[in-house]
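Contents: one structure, followed by commentary.
There are 4 protein chains.
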Amino acid sequence: MKTTASLHGIIPPMVTPLLSNTEIDEEGLIKLIEHIISGGVHGIFLLGTTGEAPHLSYELRKEFIKKACSVINKRVPVVVGITDTSITGSLEIAQTASDAGADAVVISAPYYVSISQQEMVEYLEYLVPQLPLPFMMYNMPSCTKLHMSVETVRKAKELGALGIKDSSGDLAYLYALMDEFKDSPDFSIIVGTELFIPETIINGGHGAVPGGANMFPRLFVDLYEASKKGDITRIAELREKIIQIDNKIYSISSEGSKYIKSIKCALSEMGICNNFVSMPFTPFGAEKQNEMKQNISEIDFLEINK
Amino acid sequence: MKTTASLHGIIPPMVTPLLSNTEIDEEGLIKLIEHIISGGVHGIFLLGTTGEAPHLSYELRKEFIKKACSVINKRVPVVVGITDTSITGSLEIAQTASDAGADAVVISAPYYVSISQQEMVEYLEYLVPQLPLPFMMYNMPSCTKLHMSVETVRKAKELGALGIKDSSGDLAYLYALMDEFKDSPDFSIIVGTELFIPETIINGGHGAVPGGANMFPRLFVDLYEASKKGDITRIAELREKIIQIDNKIYSISSEGSKYIKSIKCALSEMGICNNFVSMPFTPFGAEKQNEMKQNISEIDFLEINK
Amino acid sequence: MKTTASLHGIIPPMVTPLLSNTEIDEEGLIKLIEHIISGGVHGIFLLGTTGEAPHLSYELRKEFIKKACSVINKRVPVVVGITDTSITGSLEIAQTASDAGADAVVISAPYYVSISQQEMVEYLEYLVPQLPLPFMMYNMPSCTKLHMSVETVRKAKELGALGIKDSSGDLAYLYALMDEFKDSPDFSIIVGTELFIPETIINGGHGAVPGGANMFPRLFVDLYEASKKGDITRIAELREKIIQIDNKIYSISSEGSKYIKSIKCALSEMGICNNFVSMPFTPFGAEKQNEMKQNISEIDFLEINK
Amino acid sequence: MKTTASLHGIIPPMVTPLLSNTEIDEEGLIKLIEHIISGGVHGIFLLGTTGEAPHLSYELRKEFIKKACSVINKRVPVVVGITDTSITGSLEIAQTASDAGADAVVISAPYYVSISQQEMVEYLEYLVPQLPLPFMMYNMPSCTKLHMSVETVRKAKELGALGIKDSSGDLAYLYALMDEFKDSPDFSIIVGTELFIPETIINGGHGAVPGGANMFPRLFVDLYEASKKGDITRIAELREKIIQIDNKIYSISSEGSKYIKSIKCALSEMGICNNFVSMPFTPFGAEKQNEMKQNISEIDFLEINK
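Chains as they are written, first to last, in this note's numbering: chain A, 1 to 306; chain B, 1 to 306; chain C, 1 to 306; chain D, 1 to 306.
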């Protein structure tokens with residue numbers, strides 16, 4: 001991570017394979033990491049929203065970081081989410097990430113009492129000097145209630161941020177970020193919304209953190225490459241598949257937890273890892289599981305190494 | 001807590017006096033508890049929103065529960081917030097509360113990924129049987145993004161909930177709760193919005209959890225008593241003072257964190273405890289502190305034991 | 001309307017009885033006005049939200065004002081809604097109201113493109129000098145998208161407003177208005193939310209504009225009187241009936257149009273006027289109509305003069 | 001308009017040049033139409049949001065339709081907004097549009113009382129058979145409070161809609177529309193958000209209704225053409241200019257009325273038409289006008305015929 005724009009390409013927000021609320025699915029973890037890396041991804045993001053970070057105990061999060069970093073073994077850069085309502089907790093996780101050999105940490109807004117833009121900047125001013133690793137920002141207003149202003153992101157950059165992942169779903173905002181930082185090509189603009197990957201890359205963005213890359217890493221890497229080349233025909237072909245993921249996998253539920261639940265259920269159907277979802281959520285029940293089995297069987301671009 | 005409607009009256013959501021992000025202001029804690037109890041309150045709520053619970057490490061929360069319960073020493077019932085995104089964390093705090101002699105725990109919705117009404121019920125069905133203490137519900141949509149439906153509250157009651165504290169600021173909802181549970185007089189309806197205390201008590205509610213009772217416990221107890229008697233004249237007098245608290249203390253800030261910051265600042269001006277506010281927030285700066293000093297000096301109903 | 005606080009008491013927002021999108025139900029109009037006036041109301045509000053004003057052509061609105069004023073015949077004060085996206089339209093309606101002998105007009109925010117607080121004040125500065133009648137303000141954010149700030153209301157008062165009707169459902173806001181204008185007892189604070197009538201009157205408000213008073217004028221007048229006296233026992237009795245109206249009449253639908261549709265349906269079941277609802281809405285279909293018939297039959301406080 | 005996908009390309013939502021709240025700026029109207037048509041646009045949309053339709057009296061709207069259609073004189077297709085809270089008003093405007101030789105009408109949701117998806121469909125079922133012209137839908141949730149579901153749009157199509165203009169700013173929704181109607185290439189998908197024009201056209205959409213095309217018709221036509229060709233380099237060049245319009249023109253205000261006010265102010269600075277804005281809004285004051293003058297002078301892609 002020493003070159004400019006070190007954060008780029010497809011960086012899947014990896015799910016956290018679990019056997020229960022307190023146990024990692026170690027076998028699943030290994031299979032999942034191999035599956036993802038074999039797809040050609042450019043990095044892995046541990047303990048983001050899709051990784052259920054806030055739902056796991058610190059102990060489990062730490063254990064997971066160590067195990068995942070050990071399996072990944074520096075084959076790709078690793079970034080680790082440290083977002084937490086407790087700064088003590090964030091710093092503990094950051095230290096573990098550093099000790100385990102991760103490359104950077106990811107910071108979103110503390111998310112219980114609403115935080116203002118100015119308070120967020122003050123928080124970063126206090127937190128950043130204590131971090132043992134470089135950091136990137138993460139805009140996730142649907143979970144944190146803070147839609148980080150471009151000004152806040154600019155201040156984070158001044159404090160050393162490597163880039164920002166935006167999962168607001170607000171493309172006009174993402175375009176405003178790109179416009180703001182167009183003269184800083186080493187500040188990574190990373191999109192979380194799968195459907196906006198070509199838009200992001202074509203207009204100057206650097207990468208994506210697509211939950212779907214847990215299941216289809218190669219597809220997303222191909223889309224990233226096609227987008228970098230501006231190959232509109234190829235983009236259109238791949239885009240059809242992205243839409244299928246939405247229609248066949250994510251749309252099985254309509255709740256805020258749908259990405260977590262559906263990706264884990266699909267990975268389980270694909271034989272990659274356990275479908276257990278940590279409290280406060282639960283895995284899909286039998287009916288939705290059957291629906292998923294059926295839908296998965298209709299997908300003709302499964303990436304399964306047998 | 002063995003009689004019906006055990007939760008009632010004024011139950012201040014106590015602030016957590018701190019010297020730093022990791023140290024309790026022990027002297028302040030003692031003074032604050034004595035101040036509150038001498039005001040005649042009917043209970044104390046530890047580690048709610050005003051108590052900055054999600055911002056404190058588990059270690060600090062546990063230490064705080066033990067110290068506070070020890071100082072309170074069963075003089076009034078104690079309820080302890082266990083709301084957390086991690087169920088492991090919630091159970092740890094609940095166990096500590098039980099060991100320390102608290103009377104009940106308080107549960108709001110896990111608050112990172114949005115939880116649906118049905119998911120909330122499933123969460124309770126899993127959590128409640130593992131609790132070492134009775135529990136009450138806490139509706140706090142501005143922080144948790146879940147405005148618990150009357151149906152969800154009804155299911156919580158079926159699972160054993162002692163009552164519900166509502167801090168939605170939505171009086172029509174509170175009235176709907178009262179209507180729903182009017183034949184269950186032992187199910188406590190508790191309001192968090194200070195201005196709605198008379199409305200709540202007159203119409204069948206049982207109590208209030210007013211942040212302002214950290215500073216003015218007697219005032220709120222008086223208001224509760226006047227409301228129970230339906231003494232409209234006395235209510236009107238006391239109401240004027242409640243409005244003054246809003247105008248002179250809370251309105252110094254307009255951020256989501258304003259109650260935490262302003263109550264701690266006021267308590268500090270009143271000589272009761274330190275004004276330190278835990279990250280991700282910070283205490284008021286000099287300017288707002290001076291404004292508070294001035295405003296406090298204009299309040300003629302300060303309750304300070306010299 | 002020459003005394004101070006001329007606007008007070010129960011001022012029903014009268015529905016507009018219709019036979020079709022272009023025809024008034026004249027017979028129903030007469031019966032409805034007699035029904036309402038015989039209930040002892042203190043005024044009538046024509047062409048508000050419940051009156052479907054924006055859905056009616058100007059021609060129909062003008063015809064309705066003339067007919068209604070003629071039937072009312074100065075027995076109670078009449079206020080007329082002139083809210084419109086077109087200022088030309090507002091002024092035309094105001095002139096008709098004046099010619100027909102109405103006492104005041106009612107102004108809410110123009111409601112297509114969102115208007116800011118400052119733009120609302122500029123609009124009033126331009127509109128008010130051209131009005132042929134006194135005016136009152138109407139805060140209706142769910143329809144207009146503007147929640148008028150206390151500051152905007154203060155400026156409206158400086159421009160001559162007689163008072164404000166608040167239908168935000170936000171009791172804390174209503175209390176803030178009362179606090180702001182407590183030294184101006186002739187500035188009428190009127191509530192639109194039926195459940196908040198006692199709260200409003202007891203704390204210094206002047207009246208209410210309850211849609212339910214189309215059906216139950218006497219009930220609301222009784223509630224107003226009991227509230228003025230601070231008769232808590234009587235208020236509690238009457239409040240039960242207000243809750244029944246909500247449970248048995250309004251709750252038949254959950255759409256934004258539910259008050260219009262359900263009140264017209266109930267009035268039709270009570271034999272008072274036609275149930276036709278103007279486009280873009282339609283009357284309840286057979287199923288909901290039957291539900292209403294059943295529910296109405298269970299209400300034991302119907303006010304029908306046979 | 002007899003071929004399939006008749007609605008396509010750049011269709012500016014023309015401002016309504018005014019001298020006052022009741023008078024058309026006839027000279028400005030002629031200059032504006034010539035300016036727009038000379039830019040190569042594919043149609044003109046009269047009386048949309050940017051055209052201040054709801055703020056104008058019916059009389060003025062009718063006069064404007066006649067004058068504008070007469071000047072346009074069939075050189076490009078004309079569509080006319082008939083959105084109104086009164087169906088009588090909508091039908092009157094539609095008849096005038098038909099008589100004046102317009103090609104289609106545009107329908108959004110009636111916008112005072114919130115309308116539900118089902119009510120919107122019922123409204124269309126009643127309205128459409130009475131229309132003298134073909135119609136297209138217009139999704140404008142920020143003004144109407146209804147974000148038309150894909151299902152509602154599908155039903156509108158079954159009733160004969162030619163297409164839909166989406167101004168939600170929600171690109172994921174727009175993509176969902178394109179996916180839904182990908183097998184109906186004659187159903188026009190038109191975007192209102194200027195920044196999303198390439199995204200729309202590249203992914204199967206048909207056109208755009210950009211307010212900025214009042215000022216820069218050729219620029220938007222060029223962007224449309226480049227997007228049709230998938231010419232990524234050219235798109236990137238033109239996109240820079242679209243961003244400049246946002247930064248230099250629209251950003252002068254931050255209110256909901258900003259597009260109306262800033263486009264009229266810019267057109268006035270460009271010598272094309274009067275800057276008068278109808279009530280409830282007002283033209284920019286001197287300060288903002290000067291800012292616009294300065295900003296306009298810095299734009300190097302002005303399209304002015306001298």
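Backbone N, C-alpha and C fix where the C-beta goes; we use that ideal spot for every residue, glycine too.
Are at least three pairs of beta-carbons, each pair with one atom in the segment 164-173 of chain A and one in the segment 191-199 of chain A, less than 8 Å apart? The segment 164-173 of chain A is in contact with the segment 191-199 of chain A.
Give me the residue from 301(D), 269(D) and 98(D) with the minimum Cα distance to residue 80(D). Against the fourth sequence, residue 80(D) aligns to sequence position 80. Among 301(D), 269(D) and 98(D), the Cα nearest to that of residue 80(D) is on 98(D).
For residue 21(C), three-class secondary structure by DSSP: Locating residue 21(C) in the third sequence gives position 21, counting from the first residue. Coil.
Distance between residue 280(D) and residue 76(C) (C-alpha atoms, nearest Å): The residue labelled residue 76(C) in the question sits at position 76 within the third sequence. The residue labelled residue 280(D) in the question sits at position 280 within the fourth sequence. Those two C-alpha atoms are separated by around 32 Å.
Note down, in chain order, all residues in the segment 188-206 of chain D with a beta-carbon under 8 Å from any beta-carbon belonging to chain A. 193, 195, 196, 199, 202 and 203
Cα-Cα separation, residue 261(A) to residue 208(A): Counting from one through the first sequence, the residue named residue 261(A) turns up at place 261. Counting from one through the first sequence, the residue named residue 208(A) turns up at place 208. Using only the alpha carbons, I get a separation of about 21 Å.
Are residue 148(A) and residue 120(A) touching if we call contact CB-CB under 8 Å? As a first step, residue 148(A) must be located in the first sequence, where it is residue number 148. As a first step, residue 120(A) must be located in the first sequence, where it is residue number 120. Contact flag set, yes.
By DSSP, does residue 146(A) sit in helix, in strand, or in coil? To locate residue 146(A), count along the first sequence from 1; it is residue 146. Three-state result, residue 146(A): coil.
If I'm right that residue 36(B) touches residue 217(B) with Cβ under 8 Å, what's the distance once you round it to whole angstroms? The residue you call residue 36(B) lines up with position 36 of the second sequence. The residue you call residue 217(B) lines up with position 217 of the second sequence. The Cβ separation is near 5 Å, so the contact holds.
So, under 8 Å CB-CB, residue 192(D) and residue 165(D) are touching, yes? Tell me the CB distance rounded to an integer number of Å. Taking the first residue of the fourth sequence as position 1, residue 192(D) is located at position 192. Taking the first residue of the fourth sequence as position 1, residue 165(D) is located at position 165. Contact flag correct, Cβ pair sits at about 6 Å.
Is residue 301(A) buried or exposed, if buried means 16 or more other CB atoms sit within 10 Å of its CB? For this step, residue 301(A) is matched to residue 301 along the first sequence. With fewer than 16 other Cβ atoms from the protein chains shown falling within 10 Å of its own Cβ, residue 301(A) counts as exposed.
Option nearest residue 113(A) by Cα separation, candidates 266(B), 256(B) and 293(B): For the purposes of this step, residue 113(A) is taken as residue 113 along the first sequence, with counting starting at 1. When only C-alpha atoms are compared, the closest one is 256(B).
Mind listing, in chain order, the continuous alpha helix (DSSP H) runs of no fewer than 4 residues lying wholly within the segment 46-110 of chain A? 58-72 and 87-99
Check distances from the C-beta atoms of the segment 96-122 of chain A to those of chain B and list, in chain order, the residues that come in under 7 Å. 110, 111, 112, 113, 114, 115, 116, 119 and 122
For residue 213(A), count the other beta carbons within 10 Å of its own beta carbon; 16 or more makes it buried, fewer makes it exposed. Which is it? Within the first sequence, the letter at position 213 stands for residue 213(A). Counting Cβ neighbours within 10 Å, residue 213(A) comes out buried, since at least 16 surround it.
Which value, in whole angstroms, describes the spacing of the CA atoms of residue 83(B) and residue 123(B)? Here residue 83(B) refers to the residue found at position 83 when the second sequence is read from its first residue. Here residue 123(B) refers to the residue found at position 123 when the second sequence is read from its first residue. Looking at the two C-alpha atoms, the distance is approximately 12 Å.
Neighbour flag for residue 149(D) against chain C, beta carbons, 8 Å: Counted from its first residue, the fourth sequence places residue 149(D) at position 149. Not one chain C Cβ lies under 8 Å of residue 149(D).
Nearest by alpha-carbon distance to residue 142(A): which of 93(A), 176(A) and 49(A) is it? Reading the first sequence from its first residue, position 142 is the one you call residue 142(A). The shortest Cα separation from residue 142(A) among 93(A), 176(A) and 49(A) belongs to 49(A).
Please say whether residue 74(D) and residue 100(D) have beta carbons closer to each other than 8 Å? Position 100 of the fourth sequence holds residue 100(D). Position 74 of the fourth sequence holds residue 74(D). Going by C-beta atoms, residue 100(D) is not nearer than 8 Å to residue 74(D).
Using a Cβ-Cβ cutoff of less than 8 Å, which residues in the same chain neighbour residue 331(A) once the five nearest sequence positions on both sides are dropped? Nothing can be reported for residue 331(A): it is not among the residues displayed for chain A, which extend from 1 to 306.
Measure from the C-beta of residue 13(A) to each C-beta in chain B and report whether the shortest distance is under 8 Å. Taking the first sequence and counting its residues from 1, the one referred to as residue 13(A) is at position 13. Answer no: the Cβ-Cβ gap between residue 13(A) and chain B never drops below 8 Å.
Thinking C-alpha only, which one of 190(B), 111(B) and 96(B) is nearest residue 13(B)? By 1-based counting over the second sequence, the position of residue 13(B) is 13. Checking every option, the nearest Cα to that of residue 13(B) belongs to 190(B).
Going along chain C in order, which residues have a C-beta closer than 8 Å to the C-beta of residue 308(B)? In the structure displayed, chain B extends from 1 to 306; residue 308(B) sits before or after that span and is not available.
Can you tell me which of the three DSSP states residue 196(D) falls into? Translated into positions along the fourth sequence, residue 196(D) becomes position 196. Residue state, collapsed to three classes: helix.
I need the straight-line Cα distance from residue 232(B) to residue 106(C), nearest angstrom please. Counted from its first residue, the second sequence places residue 232(B) at position 232. Counted from its first residue, the third sequence places residue 106(C) at position 106. Approximately 32 Å between the Cα atoms of the pair.
Straight-line gap, residue 69(B) to residue 30(B) (C-alpha atoms, nearest Å): Taking the second sequence and counting its residues from 1, one reaches residue 69(B) at position 69. Taking the second sequence and counting its residues from 1, one reaches residue 30(B) at position 30. It is roughly 11 Å from the alpha-carbon of residue 69(B) to the alpha-carbon of residue 30(B).
Tell me the DSSP secondary structure of residue 217(A) in three-state form. Position 217 of the first sequence, counting from 1, holds the residue named residue 217(A). Here residue 217(A) sits in helix by DSSP.
Quick one: what's got a C-beta closer than 6 Å to residue 220(B)'s C-beta in the same chain, skipping five residues either side? Locating residue 220(B) in the second sequence gives position 220, where the first residue counts as 1. Within the same chain, residue 220(B) has close Cβ partners 10, 210 and 213.
Cut-off 6 Å between Cβ atoms - residues of its own chain near residue 167(C), not counting five sequence neighbours on either side: By 1-based counting over the third sequence, the position of residue 167(C) is 167. Only 140 and 192 meet the Cβ criterion.
Closer than 7 Å, Cβ to Cβ, to anything on chain C: give me those residues from the segment 48-64 of chain D, in chain order. 49, 54, 55, 56 and 57
Just how far apart, CA to CA, sit residue 20(A) and residue 51(A)? For the purposes of this step, residue 20(A) is taken as the residue at position 20 of the first sequence. For the purposes of this step, residue 51(A) is taken as the residue at position 51 of the first sequence. Roughly 14 Å separates the two Cα atoms.
Cβ pair residue 129(D), residue 104(D) closer than 8 Å: Within the fourth sequence, the letter at position 129 stands for residue 129(D). Within the fourth sequence, the letter at position 104 stands for residue 104(D). Taking 8 Å as the Cβ cut-off, residue 129(D) and residue 104(D) do not qualify as a contacting pair.
Collapsed DSSP secondary structure at residue 166(A) in the structure displayed: Translated into the one-based positions of the first sequence, residue 166(A) becomes position 166. Of the three classes helix, strand and coil, the one that applies to residue 166(A) here is strand, per DSSP.
If contacts are defined as beta-carbon pairs under 8 Å, then residue 56(A) and residue 16(A) qualify, I think. What distance do you get, rounded to the angstrom? Taking the first residue of the first sequence as 1, we reach residue 56(A) at position 56. Taking the first residue of the first sequence as 1, we reach residue 16(A) at position 16. Correct: roughly 7 Å between the Cβ atoms.
Do you know whose CA, among 247(A), 39(A) and 60(A), lies nearest residue 47(A)'s CA? One-based indexing of the first sequence puts residue 47(A) at position 47. Among 247(A), 39(A) and 60(A), the Cα nearest to that of residue 47(A) is on 60(A).
Is the separation between the beta-carbon of residue 18(A) and that of residue 43(A) shorter than 8 Å? In the first sequence, the residue the question calls residue 18(A) occupies position 18. In the first sequence, the residue the question calls residue 43(A) occupies position 43. The answer is no: Cβ separation not under 8 Å.
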